[in-house]
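Visitor: Following this message is one structure expressed as structure tokens.
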Amino acid sequence: MVKFLNQISETPFVQITEAAKLVSGGVTTARAVLEAMPTSEAFRAAEAVNALADKAGKDIAEMKKLERVRSEFLECIARTPHAYILDSRLPRDSPRRRFGGQRREPKVCRARPSKHQTSQHITIRFN
10 MVKFLNQISE TPFVQITEAA KLVSGGVTTA RAVLEAMPTS EAFRAAEAVN
60 ALADKAGKDI AEMKKLERVR SEFLECIART PHAYILDSRL PRDSPRRRFG
110 GQRREPKVCR ARPSKHQTSQ HITIRFN
């Protein structure tokens with residue numbers, strides 16, 4: 010709803026002043042009636058106040074949009090993955106907790122040395 014200031018008893022500059030006060034107070038729908046301005050100076054001043062009110066309304070809408078985007082972003086990054094919740098129940102010394110993987114028992118395999126190797130290699134595999 011647009012609030013027009015067109016009371017007969019007010020002078021044009023009083024209307025412009027009232028519209029400017031309302032806009033500065035956050036009422037971005039306040040407008041000075043351009044048709045009621047008797048001089049070109051008053052018309053230009055009323056036009057400037059109305060443009061200021063339009064810009065303030067657009068800026069507030071943009072700020073609300075950015076706040077919504079920021080809020081959605083924070084919601085997304087604040088979600089804790091299910092694995093971290095489950096992992097927190099493991100004992101502190103658990104290999105799974107330390108390395109983030111499933112707990113597996115190591116299997117030691119001795120590789121046969123080739124004729125070019127001078128020592129044996131030990132390979133540890135997890136099944």
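Sequential numbering from 10 applies to the sequence shown in the working numbering. Don't be surprised by glycine CBs; every beta carbon is placed ideally from N, CA and C. Predicted, not measured: the structure shown is a model, and the values here were computed from it.
Do you know offhand how far M46's Cα is from S33's?
Guide: Residue mapping note: residue 46 aligns to position 37 of the sequence shown, counting from 1. Residue mapping note: residue 33 aligns to position 24 of the sequence shown, counting from 1. Straight-line Cα distance between these residues: approximately 21 angstroms.
Visitor: Based on Cα-Cα distance, which residue from L61, V36 and A51 lies nearest to F22?
Guide: Reading the sequence shown from its first residue, position 13 is the one you call residue 22. The shortest Cα separation from F22 among L61, V36 and A51 belongs to A51.
Visitor: Determine the contact status of A39 and A70, defining contact as a CB-CB distance below 9 angstroms.
Guide: Against the sequence shown, residue 39 aligns to sequence position 30. Against the sequence shown, residue 70 aligns to sequence position 61. Contact: no.
Visitor: Considering only residues of the same chain and omitting the five flanking positions on each side of A28, which have a CB-CB separation below 8 angstroms?
Guide: Walking along the sequence shown from the start, residue 28 turns up at place 19. For A28, where only same-chain residues beyond five positions count, the Cβ hits under 8 angstroms are L14, A39, R40, A41, A55, V58, N59 and A62.
Visitor: Does the distance from the C-beta atom of A65 to that of T37 stay below 9 angstroms?
Guide: Sequence index remark: in the sequence shown, residue 65 carries index 56 (1-based). Sequence index remark: in the sequence shown, residue 37 carries index 28 (1-based). Result yes, Cβ atoms of A65 and T37 sit closer than 9 angstroms.
Visitor: Quick check on the burial criterion: 16 or more other C-beta atoms within 10 angstroms. Buried or exposed for L31?
Guide: Taking the sequence shown and counting its residues from 1, one reaches residue 31 at position 22. That one is buried.
Visitor: Would you call I1 buried or exposed, if buried means 16 or more other Cβ atoms sit within 10 Å of its Cβ?
Guide: As shown, the chain starts at 10 and ends at 136. That puts residue 1 outside it, with no answer to give.
Visitor: Candidates E76, S80, F82 and D68: which alpha carbon is nearest G35's?
Guide: The residue labelled residue 35 in the question sits at position 26 within the sequence shown. Looking at the Cα atoms, D68 is the closest of the given residues.
Visitor: How would you write the range of the alpha helix (DSSP H) that A60 sits in, first residue to last?
Guide: As a first step, residue 60 must be located in the sequence shown, where it is residue number 51. That run of the alpha helix (DSSP H) goes S49 to A87.
Visitor: Is T20 helix, strand or coil when you go by DSSP?
Guide: Taking the first residue of the sequence shown as position 1, residue 20 is located at position 11. Here T20 sits in coil by DSSP.
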